[in-house]
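Asks: Sharing a structure, written as structure tokens. Questions coming.
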Amino acid sequence: MSAGERSFRDCLGQFASGVTVVTTLHGDLGTVHGATVSSFTSVSLRPPLIMVSLDRRSRLSALLAGGPFGVNVLAADQGDLALRFAGRSEAPHEDIEWQDAGPAPRLAGTVAHLACGPWASYDGGDHLLYVGEVLSFDAPGGEPLVFHRGSFHALRSAADLGSARR
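Residue numbers for the sequence shown follow the numbering used here, so the first one is 19 and each next one is one higher.
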């Protein structure tokens, strides 16, 4: 990575975002594959559309084309899962607790899950942008995991921040 790319990445790191694990099934045996993704956004309410951005080199990027996928919004205590699905584990998909291992695999304990069908994909430079139509969703709630300046954090309210300054 060049110095310019590193500086650009550091600049983007100033924007706090939620953390998701995007999942899909692959092959006749129904093997689950997933990757940690912080580039996730809503696109439309009518129809309900979301978008995720995946590195072209990722295995999931190739597997996602044309099939259903799940977006798992991680809870504040799921940083270990984020690291596992970010490729920082020898066996990221072993010993995972699934709530549903269907076509849009759902991790247990997430604050939200969206089951999506393919809508469109776009060239995004070194990434591919996948727009998915939300077929079903659930948001049991809880505190989300947040990514900021290269590390994970728990969300704090403005009221908490104000009292911490006094």
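From the three backbone atoms N, C-alpha and C, an ideal C-beta is built for every residue, glycine too.
Can you pull the DSSP bridge partners for Glu151?
Replies: For Glu151, which the question treats as bridged, DSSP gives the partners Leu67, Gly135.
Asks: Hey, quick one: how far does the beta strand (DSSP E) through Asp118 stretch, first residue to last?
Replies: 116 to 118 is the extent of the beta strand (DSSP E) around Asp118.
Asks: Thinking Ala94 and Leu147 are a contact (beta carbons under 8 Å), I'd like their distance in whole angstroms, please.
Replies: No, Ala94 and Leu147 are not in contact; Cβ-Cβ is about 27 Å, not under 8 Å.
Asks: Which stretch, first to last residue, makes up the alpha helix (DSSP H) that contains Phe33?
Replies: That residue, Phe33, is in no alpha helix (DSSP H); it is neither H nor E in DSSP.
Asks: From the DSSP secondary-structure annotation, give me the bridge partner or partners of Leu163.
Replies: Ala172, per the DSSP bridge assignment.
Asks: Kindly indicate which three-state DSSP category Leu92 falls into: helix, strand or coil?
Replies: Leu92 falls in the coil class under three-state DSSP.
Asks: Closer than 6 Å by C-beta to Ala133: which residues in its own chain qualify, once you throw out the five before and the five after it? Chain order, please.
Replies: So the list reads Gly88, Ala122, Leu153, Ser154, once near-sequence residues are dropped.
Asks: Identify whether Asp141 lies in helix, strand or coil by the three-state DSSP scheme.
Replies: In the structure shown, Asp141 sits in a strand (DSSP, three-state: E or B).
Asks: Where does Asp98 sit, in a helix, a strand or coil, going by DSSP?
Replies: Helix, per DSSP.
Asks: Within the same chain, show all residues whose beta-carbon is closer than 6 Å to that of Asp156, passing over the 5 residues directly before and after it, in chain order.
Replies: The residues are His131.
Asks: Do Val91 and Gly36 come within 8 Å of each other at the CB atom, strictly closer than that value?
Replies: Yes, the Cβ-Cβ distance between Gly36 and Val91 is below 8 Å.
Asks: Have a look at Thr54 and Asp73 and give me their C-alpha separation to the nearest angstrom.
Replies: C-alpha separation (whole angstroms): 11 Å.
Asks: Ends of the beta strand (DSSP E) at Ala80?
Replies: Ala80 -> not in any beta strand (DSSP E); alpha helix (DSSP H) instead, spanning 77 to 82.
Asks: Helix or strand or just coil, what does DSSP make of Ser25?
Replies: Three-state result, Ser25: helix.
Asks: Taking the DSSP output, what are the residues bridged to Arg124?
Replies: Paired residue(s): Asp118.
Asks: Would you kindly report the start and end of the unbroken beta strand (DSSP E) that includes Ser62?
Replies: Looking at the DSSP string, the run of the beta strand (DSSP E) that includes Ser62 is 58 to 62.
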